[in-house]
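In the working numbering, the protein residues as written are 1 to 75.
Dropping the structure here:
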């Protein structure tokens, strides 16, 4: 019973602080646009990655010849 003399004022102070923070957030525009951020996660970014064709250095391989070799290594 004696703990209620401490807990009730603490709860009232906590509720008062929570209400003050809520009104601060409303007045500073935190709740103005709730839809944009909720929909933003559903869509990809506007920037699309373009696939670049490989350069000449990447496509040419000087170490390989395009001849067919059989099991014995003969052409």
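By construction, the Cβ of each residue, glycine as well, lies at the ideal position given by its N, Cα and C atoms.
Distance, residue 20 Cα to residue 43 Cα: 35 Å
Residue range of the unbroken alpha helix (DSSP H) whose run includes residue 36: 35-40
Beta-carbon spacing of residue 25, residue 31 below 9 Å: yes
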